[in-house]
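Counted from 1, the sequence shown has number 794 at position 779 by our numbering; the numbering is strictly sequential.
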Amino acid sequence: MPDPSACPARTARRGVPRATARLQLHRDFRFEDAAEVVDYYQRLGISHFYLSPILVARPGSSHGYDVVDTTRINPELGGEEGLRQLCQRLRAQDMGLIVDIVPNHMAVGQHNAWWQDVLRWGRHSRHADWFDIQWDSPDPALAGKVLLPFLGQPYAETLEAGELVLQFDPEQGELYVAHDEHRFPLAPQDHAVVLETAGSARLADAMAAFQAIDAGHPDQDRQAAAAREQLRQLASHAEALADIDAALAAFSGSQPHGRSALHQLLERQHYRLAYWRNAADEINWRRFFEVSELIGMKVEREEVFEAMHAELFRLYAEGLIDGLRLDHIDGLTDPAGYCQRLRARLRSLRPDHEPYLIAEKILAGDEVLPPDWTLDGTTGYEFMDQCAAVLHDAEGEPVLDELWRDMVGELPATPDQLQGHAPGELSHFATIVQQARRSFLVRNFAAEFNALTLCLHQLARSATQTRDLTLMSIRRAVAELLVHFPVYRTYATEQGMPAGQRELLARTAQLAATTLHAADHPTLHVVEGWLGGDLLLDRRDTQRRALQLRAIARFQQLTPPLTAKSMEDTAFYRYGRLLSRNEVGAEPAHLALSVAGFHQLAGRRAQQSSYSLLATATHDHKRGEDARMRLAALSEIAEEWATVLRHWHQLNAPIVAATAGAQGGIDALDQCLLYQTLVGAWPDGMRAGDDDLSALAQLAERVIQWQRKALREAKRRSDWVAPQADYEAACERFTRALLCDPGLDPRHHPFLTELEEFVRRLAPLGAINSLTQTMLKLATPGVPDFYQGSELWDLSMVDPDNRRPVDFALRERRLADAVSRPVSLRDWQSGSAKQQLIHSVLQYRRQHEALFSAGRYIPLSTHGKLARHVIAFARVWPGEETAQAAVAQTGEGWQATLVICTRLAAHLLSFEGRREEALPLVSAQAWGDTCIAIPQALSHAGKQMRRWRSVFTSGQGGLEECALAQGERGGSIAVAEILGSLPVEMLELHLA
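Encoded structure:
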């Protein structure tokens, strides 16, 4: 029998992808373009396409998450006809389709008919409760209204400048206010107010029709449509159209009386126009993060759920799509309820097919996907973190810590940064995150924070025991809870909060108390109880219960964006110890993971979520998967990296001074991030001395694009809200001077030649890490997911760089060459070895579906002087121990594979002092006595030793059998024998 500590997987299930290819659709890469690469991905071994959202998004959308119409397939992508043709190509290759959907939010604006209806009718709109709008705002100016923070300058200035223009749509028979690309419809009854100013008998009947509209009546939509049709027909006559124009002129912003009339008209509407910067402080509807163009949907309401999914349900019922990826699941009021309803609905549509459902969910620490969500897994951020962490060297952490402290120690600290912290703590990641959270609460999410605390204050006032809790005390207590909150959110419902999460909230309250004045501790205790659901058992007081549920929902929907924005979009750009750990789903303060820890997590995944995607790159990643792996190698050579970084900082000091602006030159922190970015993104094979400087210029443009985003995301020296052009320009001048300044010959630039040489020596280490990362993705429990184009080296930076067009023709040529020969390191700089590895293992997975979808995961122990430099495990099918017992002696019906990977190879390749680029391979001699212990069931069939052979070379001219040495409780394999030609290997049990 295999090792009893090994972790079993679930039973194999039909419909689960073998491997997915994530494709980003937009108007320049449509369904027809995706159809053109079906054959390529089929040959590679992919079983399912995994598409970005396909429903109608805002015109020109580059990603599809800004959906405006859930009832149609996006015509910019090719519409339904294009989708059907793509599906036909996929089915012809026996491939499936998974589609990304956005249940949490929609885009606002003139292209969203539901939203426009809300602007027309306000609370009388049949869609008023579809959007998460606070209609009962405590602000009198917003009572019963929707804030529209879309003006480019303050309202009064916009009005004075004549930038709000009353217009008439003759095709729709409707009046609206235009501003830039926005179209704000007038309330139907107010059409009469405008038409009346013309004083024309020709418009009298239409005016009367609008006046007769009974807002709130079930027949209001028909009444309004009839009135608009009447006005539309009138407008087809020149005289009536001239009368309408005369009415519009009375509201012209070019004259004082017109501006006054227009202002009074706008005050009558169901919305309040405002300066875009007002959104953070005043917005009265739930946004996606801090994006004021995306509004939260109440998908927990049955009619909203059905309306948002009707088109997808139709496509699923027809068999066009096989599964769904759920975007931003943490934004929903009740994720569990939503997921359960969705699975049940899909099952009812196709009883013979189990839908494949995964969610974008970032799991923090020991957090697991709640089983009652009935999902197949996540999109794989946790694997991306674990896989990267196990390829970092913990022994380099002290040196990297000291280097980082030295670099940022030169920066001045503001009083805001020092709040509650000693100067020496400012370089700690946790401190940086807390600083960012405090800032977001009073700036970016001030309105959401205010709505939450006002709700809690209202709850306090509703009971005698808590009526003396002040609003400000509640604000202070809630702020500290939010600052210390350790996960993305909790999941309390009407039934209460799960026990484990209640304990988490209690621990968070204890942390909050350490930074909260003692006078506010009683308030904190009460607030903790409310948010933990302590009163939910009392169902008699429906009013207080409703208040508490609203407060819990607002708290739970605030923690995810606060966590994401403060960490991923702020702290990741302020903390630069090692950028390979600054990735979505990761905790940068945790540099490394042991092999034992990796095995434990992989085993847990086999038990709990063996159908989760295994991602190493996404459309949201901060840097490409192979750039991360190259930077990860810096943890192995921390001493040399510290020397190099300090040297570059000193070497380029004159350039910093020469490129400085009024706010100074690029500071040490931003230099640290820049140098790491250059090391990670430097293209393989590019030479600083090349005569053709266009490649350097292209790299410079990409890096400058990243740099501008990094500076604004960090919100230290610049910001999206208030960009500091002088400092940004100084940083850009510095970067150009390093890479392609005409005044500095790049062929002789000291820094550039040093950078090239350093990367040339580092690249083999990065390649070893990358091939190991790829193998772990291909062979551990889960579904390998490949982001578009990443089957070759992916050295991209954050979006939009990671969404550049993919050269599929190049990849097809490389694959055609790869299939004719075994996996090798020949021309490894091109990335072909990675593509070969993917192709070979996916073909093997195609032939052994159950082995990987439901096979046991068995960690293998390593021994010898280099034991820590190896990751080894087995996959075995059947996964059930009783079934294995029946075949253990003969091996009949048994499938098994051994996987061996290299890690932390820097010192094995003698990195120090090497000036030439080496092969990404540890020599057999270097491995010495390092071996892998093989359990009895995998090493013996009765008294006979089992035979194993390479998956990569079998059928390619040689059996390549691997000899097992006899051990006390099984057998062993020498690593030197296995990893002779590649840094990774997969061996299959040979029963012939």
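The beta-carbon is built from N, C-alpha and C at its ideal position, and this holds for glycine as well. Every value quoted in this text rests on a predicted model; they were computed, and no experiment measured them.
When DSSP states are grouped into helix, strand and coil, PRO90 belongs to the helix group.
In this structure, ARG748 keeps its C-beta atom at 8 Å or more from the C-beta atom of ALA715. With a minimum length of 4 residues, the unbroken runs of alpha helix (DSSP H) contained wholly in the segment 492 to 533 fall at 514 to 529. Counting only the Cα atoms, THR394 lies some 15 Å from THR795. For the set PRO893, ALA478, ILE915 and LEU497, the Cα lying nearest the Cα of PHE460 is the one of LEU497. Closest by C-alpha distance to LEU98, out of GLU326, ALA213 and THR945, is GLU326. Assignment of beta-bridge partners to ALA607 by DSSP yields no partner.
Using a Cβ distance threshold of 8 Å, PHE266 and LEU249 do not count as a contacting pair. With a cut-off of 8 Å on Cβ pairs, the segment 149 to 163 is in contact with the segment 128 to 140, counting three or more such pairs.
Cβ neighbours of THR530 within its own chain (closer than 8 Å, five residues either side excluded): GLY435, GLU495, VAL498 and HIS499. Collapsing the DSSP output to three states places VAL885 in a strand. DSSP places MET422 in the uninterrupted alpha helix (DSSP H) bounded by 412 to 423. Nearest C-alpha to PRO501 among ALA128, ILE377 and TRP735: ILE377. About 11 Å separates the CB atoms of VAL192 and PHE183; that is not less than 8 Å, and the two are not in contact.
Excluding the 5 residues flanking it on each side, HIS407 has same chain C-beta neighbours closer than 6 Å at LEU606, ALA607, ALA647 and SER650, in chain order. The straight-line gap separating the alpha-carbon atoms of VAL937 and GLY700 is approximately 21 Å. Across the structure, CYS746 and ILE719 are spaced so that their CA atoms are roughly 8 Å apart. Distance check between VAL414 and each of GLU655, SER733 and ASP584 places GLU655 closest, using alpha-carbon atoms only. Judged by pairs of C-beta atoms under 8 Å, the segment 110 to 128 does not touch the segment 443 to 451, as fewer than three such pairs exist. By the criterion of at least three beta-carbon pairs nearer than 8 Å, the segment 142 to 161 is not in contact with the segment 362 to 377. Its chain contains SER77 as the residues whose beta carbon lies nearer than 6 Å to that of HIS41, once the 5 sequence neighbours on both sides are disregarded; these appear in chain order. Contact annotation: the segment 513 to 522 does not touch the segment 457 to 473, with fewer than three C-beta pairs closer than 8 Å.
For ARG458, same chain residues with a beta-carbon under 7 Å away, outside a window of 5 residues either side, are ALA295 in chain order. Excluding five sequence positions before and after ARG243, the CB atoms of its chain that fall closer than 7 Å to its own CB belong to GLN187, GLY188 and GLU189, given in chain order. In this structure TRP843 does not touch ALA933 by the C-beta definition: roughly 10 Å separates them, more than the 8 Å allowed.
A distance below 7 Å between beta-carbons, with the five flanking residues on each side excluded, links ARG358 to the following residues of its chain, in chain order: PRO370, LEU372 and THR389. In this structure VAL813 is in contact with LYS637, their Cβ atoms being roughly 5 Å apart against a cut-off of 8 Å. Under DSSP, PHE146 shares a beta bridge with MET312. A distance of 8 Å or more separates the beta carbons of GLY797 and ARG619. From the listed residues VAL82, LEU179 and PRO203, the smallest Cα separation to ASP132 is found for PRO203. Straight across, the Cα-Cα distance linking PRO74 with TYR503 is about 32 Å. ASP641 counts as buried, since at least 16 other C-beta atoms from the protein chains shown sit within 10 angstroms of its C-beta. When DSSP states are grouped into helix, strand and coil, PHE444 belongs to the helix group. Look at ALA374 here: in three-state DSSP terms it is strand. DSSP, read as helix, strand or coil, puts TRP721 in helix.
For TRP735, the number of other beta carbons within 10 angstroms of its own is below 16, and it is reported as exposed.
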